[in-house]
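Taken in order, these protein sequences are the chains called A and B.
With the first letter of the first sequence counted as 1, position 225 gets the number 230 in the working numbering; the numbers rise by one all the way through.
With the first letter of the second sequence counted as 1, position 60 gets the number 54 in the working numbering; the numbers rise by one all the way through.
Think of the CB as a built atom: it goes at the ideal place given N, C-alpha and C, for glycine as much as any other residue.
Only a predicted model underlies this, so the values are computations on that prediction, with no experimental measurement involved.
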Amino acid sequence: MSEAMNEMQTLYEERRLRIEKTIALEPVDRIPTAYMGMAFAPRYMGMPIADFCEVPENRTEVTLAAMDKLGADVWDGINALPCGRIVPSLTSAWLSHIAAPGRELPEDSLWQVQESDVMKPEDYDVILDKGWPEFLEGYYPRVIDVDELKESNIWVSKNLQSVKDKCREHGYVPISFGGTSIPFEYLCGGRSMSRFYIDLYRIKDKIKEVMDHMMPYMIREGIHTAEVSGIPAVWVGGWRSASSLIAPKIWDEMVFPYFIELTHALADKGIVSVLHFDQDWNRDLERFKELPAKMCLLNTDGMTDLRKVKEILGDHMAVIGDVPSALLYSGTPDDIFKYVHDLIRDVGPTGLILCPGCDAPINAKPENMEAMAAASREYSQVV
Amino acid sequence: MLEQLIKALAELEEDQVLEIVRQELVGGTEALAILQACQQGMTEVGDRFEKKEYFVSDLMMSGEIFKQVGVILEPGLQSATQVCAGAVVIGTVQGDIHDIGKDIVVNMLKSANLDVTDLGVDVPPVQFVDALKQTKASVLGMSGLLTLAFDSMKETVGLIEEAGLRDKVRIMIGGGPVDGGVCRVVGADDWGADAQAAVRLAKTWLDIGVQA
């Protein structure tokens, strides 16, 4: 092994350890910084979004190249391993058809979830009668070409290790790979948000029965993903189940007990849950104490108050975030510097990984992303 | 009985609301009076949302109930004349196909007795301008969930200026990532974090009274 490669290995291990300590709420020499900007990377590097979506190798190469260009010295890691085609993987997570660039949408536009009630009320009975995996087998053709989905999964299986190796060569630690969620999110994606929310008022007991049936599969998916990748952390998605969206009487019964069960089951296997929680969860932060201590990484998008998180959960879980998408679009480099400075001052120095909130958007100003990298250089050192 | 209807809607008691509406119609109550009672119930829902007693799911459920009431009352309302308190044009801007937030706002605006022209999703700037000209609406709402929507919002505001309508229209924007900074960049007059904020803005601009 060359000296340069040796140095990179050492750097990678330093960064890995820094991230690990942060999640465990231990002191660190520097607040780690992670990249997250799926669609920003190709736009920044001048690649049409369709090419980025269609060719899986492009996703890996362009993401790593964007990170290098923004500042190879800055990034300790990347929020999720950039492995595989985005549209099939989003389809599996949302159970919705995803409109793709170069297909339904212009070449250089962003993919978008097509919100509609593809899943019908009678499907609840099908899930209960036939089982979740059997239901999915019949369901997928409604939202994606099944051959395409299979090919995509095969590509990931074959190339997972090489993508991990590429990240290592660049010195970037993939914080998580793959994902799972609670039954609520899958059903909500399939039924559409408006229909599913109304189902929750009309046929709550039936849905609860379906969720209880689905839950072991969600747990199994999370464990399986981590075992296959060897990365001991998975995304646990929370989008439409956010506190600000759901009435407490529903949330207390249909949302949070499932997050508790899922995160504890993963923690029992040594797997960290990266709680990718979009929207505003402030109302229920006290309840997060019921999630496994030091085995969750709260990944918010700027809408949940991280100062409040620090106050309530500072000795319970670390956070990753949360430079907001809107600020990356509309702000100035000075705004970004101030945001990062204040975030580190108020939420650091332990238990914080600096990262764009949710995902740096496709039209984030390049100078703002560069400012985030520069602000990390300036402020992340722990004195 | 209409008091019960207001309460039932405010409590999101779907079956009870529909039953009372049917009973009232059979009993000879005018459709317009029943609708106005339901609008009061929806106002109560909005108030509870502002007080953080209700959440988005509650707004959606109330909208669903209100929609069903509208279907039941429709034949009786055709002969009635209800003067709307003002006109609003609304849509999700070009390049964005998300309609959930926009639809909640549309329901809440309608239940506030406003004449709403809903242009749907992925609406090009020129379509907003045409709709404003046709309806003479003085309030425009633009929605978008993606940050990409911000460019379209800005373009739309620009086209409204070019068409000479800017001083005749108050523009509000909303959607997941929208904030004051985005509002400034886009050139809108104000922004709303939720559906009730949109109703409040529209009512204020149309000068039709907002409860403190």
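Can you look up T111/B in the DSSP assignment and give me helix, strand or coil? Residue state, collapsed to three classes: strand.
Strictly below 8 Å CB to CB, what residues from chain A border V176/B? Result: A331, Y334, S335.
Taking only runs that begin and end inside the stretch 91 to 173 of chain B, name each unbroken alpha helix (DSSP H) of 4 or more residues, in chain order. Counting whole runs of 4 or more residues, the stretch 91 to 173 of chain B contains the alpha helix (DSSP H) stretches 94 to 105, 119 to 129, 142 to 156.
Residues of chain A with CB closer than 7 Å to the CB of F49/B, please, in chain order. Here the neighbours are S249, L250, I251, A252.
Curious, which full-length beta strand (DSSP E) runs of at least 3 residues does the stretch 353 to 378 of chain A contain? The stretch 353 to 378 of chain A contains these whole beta strand (DSSP E) runs: 357 to 361.
In three-state terms, what does DSSP make of V388/A? V388/A: coil per DSSP, three-state reduction.
Minimum Cβ-Cβ distance from D52/B to chain A less than 7 Å: Yes - at least one Cβ of chain A is within 7 Å of the one on D52/B.
Please list the terminal residues of the continuous alpha helix (DSSP H) segment that includes F264/A. Where F264/A is concerned, the enclosing alpha helix (DSSP H) starts and stops at 261 to 273.
Within 10 Å of its beta-carbon, does Q205/B have 16 or more other beta-carbons around it, so buried, or fewer, so exposed? With a pLDDT of 46 at Q205/B, under the threshold of 50, the modelled position of that residue is not reliable, and the figure given next carries that caveat. Exposed: under 16 other Cβ atoms inside 10 Å.
Run of the alpha helix (DSSP H) containing V215/A, from where it starts to where it stops: Run containing V215/A: 209 to 234, per the alpha helix (DSSP H) assignment.
Indicate whether at least one CB of chain B lies closer than 7 Å to the CB of L290/A. Closer than 7 Å to the CB of L290/A there is not a single CB belonging to chain B.
Report back the beta-carbon spacing between V83/B and T129/B to the nearest angstrom; my notes put them in contact at under 8 Å. Contact between V83/B and T129/B holds: their C-beta atoms lie close to 6 Å from each other, under 8 Å.
Mapping the DSSP letters down to three states, classify Q205/B as helix, strand or coil. Interpretation of Q205/B is limited by its pLDDT of 46, a score under 50 that renders its predicted location unreliable; the figure taken from the coordinates is listed afterwards. Looking at Q205/B - three-state DSSP - the assignment turns out to be coil, as it is neither helix nor strand.
For the candidate residues C88/A, P37/A, N11/A, M13/A, whose alpha-carbon lies nearest to that of E383/A? Residue P37/A is the option with its Cα nearest to E383/A.
So if DSSP puts A4/A in a beta bridge, which residue, or which two residues, is it bridged to? Shown here, chain A extends from 6 to 388; a query on residue 4/A therefore has no answer.
Among residues of its own chain, excluding the 5 on either side of W137/A, which ones have a beta-carbon nearer than 6 Å to its beta-carbon? Around W137/A: M219, Y222.
With DSSP collapsed to three states, give me the class of C32/B. Helix at C32/B.
Checking contacts by CB at 7 Å: is Q171/B closer than that to chain A? Sequence inspection shows Pro at residue 171/B; the Gln mentioned does not correspond to that position. Residue-level contact check: P171/B touches chain A, since one or more beta carbons of chain A fall below 7 Å from its beta carbon.
Quick check on DSSP: helix, strand or coil for P106/A? DSSP, read as helix, strand or coil, puts P106/A in strand.
Pick out the complete beta strand (DSSP E) segments inside the stretch 95 to 140 of chain A, 3 residues or longer, and give them in chain order. If only complete runs of 3 or more residues are kept, the stretch 95 to 140 of chain A shows the beta strand (DSSP E) at 102 to 104, 117 to 119, in order along the chain.
Taking only beta-carbon positions, decide if L348/A is within less than 7 Å of chain B. Not one chain B Cβ lies under 7 Å of L348/A.
Return the chain-ordered list of same chain residues with a C-beta closer than 8 Å to the C-beta of M102/B, the five sequence neighbours on each side being excluded. Short of 8 Å from the beta carbon of M102/B, and not among the five residues preceding or following it, lie these beta carbons of its own chain, in chain order: M36, G40, L53, G57, A189, Q190, A192, V193.
Checking contacts by CB at 7 Å: is T141/B closer than that to chain A? With 7 Å as the cut-off, T141/B counts as an interface residue toward chain A.
Cross-chain neighbours of D93/B in chain A, by beta carbon under 8 Å: Correct list: E120.
Nearest neighbour of L267/A, chosen from I228/A, S381/A, E258/A, P146/A [CA to CA]: Of the candidates I228/A, S381/A, E258/A, P146/A, the residue whose Cα lies closest to the Cα of L267/A is I228/A.
Using CA atoms only, rank isn't needed, just tell me which of M308/A, G319/A, L302/A is closest to N287/A. Here the closest residue by C-alpha is M308/A.
Give the residues of chain A in contact with V179/B, contact being defined as C-beta atoms less than 7 Å apart. What V179/B touches in chain A, judged by beta-carbon distance under 7 Å, is S335, going in chain order.
For N158/A and chain B, any beta-carbon pair shorter than 7 Å? Cβ-Cβ to chain B under 7 Å: no for N158/A.
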